[in-house]
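All letters in the sequence shown, in the order written, are residues 353 to 683 by the working numbering. C-beta atoms are modelled at their ideal positions from N, C-alpha and C, and glycine is treated no differently.
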Amino acid sequence: MSGGAIRVAPVTSRNIAITPHILRSDAVAAAAAFIDEVSGHDDIACWLRPDAIAAVTPLLTRPVEFQVLDQSDIHDLELVVVFGGDGTILRAAEWALPAQVPILGVNLGHVGFLAELEPSQLDELIRRVLERNYRVEERLCLEVVLRDRPGGEAIWSSYAINEVSLEKAARERMIEVLVQIDGHPLQRWGTDGVLVSTPTGSTAYAFSAQGPVMWPDLDALLVVPLLAHALFARPLVLSPTSVVTIEMLRGQATSGVLWCDGRRSVDVTRGSEVEVRRLQQNLKIARLDASPFVERLVRKFQLPVQGWRKEDSIDAGREIQGLKTEPEPEL
């Protein structure tokens with residue numbers, strides 16, 4: 353089915369941006385179904401990038417009037433609805449974070465920790481958005497500055513929602529770094545890299561690096577060394593006001609690469625310093641599900657909550673139903 357001609361809509365009382373992963377047919381189809389429903393309400397205008405408009409238009413069942421989404425001039429958006437995986441959400445956050453627009457993600461990726469809903473919940477998404485029945489959580493983010501020398505001139509800056517990572521540039525060599533917390537030396541490491549993560553990012557790269565899972569409403573920073581050659585190379589949970597500096601020591605034969613959320617990068621030369629602190633702005637995440645984070649953790653990672661033995665499963669079921677289980681008699 354195809355939609356009719358696309359016209360520019362007048363600005364209405366509710367402006368909602370829709371951002372699908374345009375190279376995924378399932379994401380485009382879900383976005384088109386969402387647009388078909390919400391655009392029929394006179395008080396809602398749908399904002400899309402030109403490439404997204406071209407992708408969804410053939411799937412629309414009726415003519416839809418769009419606002420063209422210009423990320424340099426976002427106007428008064430109420431919400432950004434993202435159809436894709438965590439990578440698509442991180443891309444949308446690059447302009448939603450500075451504008452302080454809440455993001456609501458529909459997971460069409462793998463684990464999708466940043467996403468709120470699965471594609472099977474599209475009807476609920478439509479209903480809740482139309483009713484404005486959602487709440488907004490704020491997530492701590494990171495500010496990162498690269499200096500030409502310790503305490504020197506800033507030559508590059510960015511932000512991160514999940515993590516900042518300083519990593520080796522050459523596969524065959526480690527990097528030598530000195531990590532300091534609030535201006536005090538912590539340790540010198542020969543390592544593959546160092547992560548500074550947010551609680552939101554603790555289930556991303558930091559999780560793969562054996563860091564702890566942190567509840568996303570915590571105000572804290574997480575430092576995780578990557579395969580450091582040291583007796584003390586443990587993840588560290590820091591105050592949200594802490595400032596972490598990572599110096600690329602002189603006298604080594606290799607350089608490093610600084611990554612923000614695995615998306616934005618810059619080369620780091622010997623003698624440079626990376627400074628990471630809390631960003632003044634928080635990322636706004638729209639939530640529909642009121643279930644606690646532990647349930648999301650179990651669901652996303654498919655954690656076993658029952659024993660592998662049959663009797664364990666029976667006992668677990670009884671405990672869940674509030675029934676007492678008598679212990680087996682000793683032989």
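Cα-Cα separation between residue i and residue j, rounded to whole angstroms
i	j	result
Asn367	Ile478	15 Å
Thr593	Ile507	23 Å
Glu689	Tyr557	Residue 689 is absent from the model: the chain starts at 353 and stops at 683.
Ala397	Gln419	7 Å
Val301	Asp569	Only positions 353 to 683 of the chain appear in this structure, which leaves residue 301 out of reach.
Leu538	Leu530	8 Å
Val546	Gln633	24 Å
Leu573	Gly503	21 Å
Glu528	His462	34 Å
Ala404	Asp428	20 Å
Ser424	Pro656	45 Å
Thr555	Thr413	39 Å
Leu675	Gly659	Low confidence applies here, because Leu675 scores a pLDDT of 46, under 50, leaving its location unreliable; read the following figure in that light. So the alpha carbons of these two residues sit roughly 17 Å apart.
Pro564	Val548	12 Å
Gln562	Ser365	46 Å
Gly437	Ile533	34 Å
Glu647	Val390	30 Å
Asp388	Thr550	36 Å
Ala521	Ala445	27 Å
Phe584	Val576	11 Å
Ile672	Glu476	For Ile672, the predicted structure reports a pLDDT of 47, less than 50, and the residue's modelled location is therefore unreliable. The matter cannot be settled from this model.
Phe645	Val609	33 Å
Glu515	Gly614	8 Å
Leu411	Ala381	7 Å
Ala383	Glu490	25 Å
Glu627	Leu649	31 Å
Ser643	Ser472	18 Å
Ala385	Arg484	18 Å
Val618	Ala580	22 Å
Gly542	Glu505	25 Å
Gly439	Trp447	14 Å
Residues near residue i in its chain [Cβ-Cβ closer than 6 Å; skip 5 each side]
i	result
Leu421	Ala369, Trp399, Leu400 and Arg401
Gly457	Val434, Ile441, Leu466, Ala467 and Glu468
Thr621	Ser607
Pro454	Leu431, Val488, Lys636 and Ala638
Tyr486	Arg480, Ala638 and Leu640
Leu588	Val575
Arg629	Glu495 and Val595
Cβ neighbours of residue i in the same chain (closer than 7 Å, five flanking residues each side left out)
i	result
Ser510	Val496, Cys612 and Arg616
Leu631	Cys493, Leu494, Glu495 and Tyr511
Glu599	Pro502, Val529, Leu530 and Glu625
Arg525	Ala605 and Thr606
Phe559	Val565
Leu482	Val390 and His393
Pro362	Its pLDDT being 48, under 50, Pro362 is placed unreliably by the model, and the measurement read from it follows with that caveat. Closer than 7 Å at the Cβ level, and outside the excluded window around Pro362, lies no residue.
Glu470	Asn459
Ile374	Val380, Asp403, Ala404 and Ala407
Arg586	none
Arg376	Gly436 and Leu460
Gln452	Gln633 and Lys636
Endpoints, beta strand (DSSP E) assigned at residue i
i	result
Tyr511	Ala506 to Ala512
Ile455	Ile455 to Asn459
Ala397	Ile396 to Leu400
Asn367	Arg366 to Pro372
Glu524	Run containing Glu524: none; DSSP gives neither H nor E here.
Val595	Val595 -> no beta strand (DSSP E), and no H or E assigned at all.
Val620	Arg616 to Val620
Boundaries (first-last residue) of the alpha helix (DSSP H) holding residue i
i	result
Gly608	It is not in any alpha helix (DSSP H) - Gly608 instead sits in the beta strand (DSSP E) that spans Gly608 to Cys612.
Thr440	Asp438 to Ala451
Asp378	Ser377 to Val390
Asp475	Leu474 to Glu483
Arg651	Phe645 to Phe653
Ala558	Tyr557 to Ser560
Per DSSP, the bridge partner or partners of residue i
i	result
Thr409	DSSP output for Thr409 lists no bridge partner at all.
His536	Ile533
Leu588	Val575
Ile518	Note that residue 518 is Leu in the sequence shown here, rather than Ile. For Leu518, which the question treats as bridged, DSSP gives the partners Val546 and Leu610.
Arg499	Ala506 and Glu625
Ile637	Ile455 and Glu489
Phe435	Pro372 and Val458
Leu494	Ala512 and Arg630
Trp541	Val529
Leu469	Val458
Own chain residues within Cβ distance below 8 Å of residue i, not counting five before or after
i	result
Gly603	Glu528 and Arg622
Lys652	Val463, Gly464, Phe465 and Thr555
Ser591	Ala572 and Leu573
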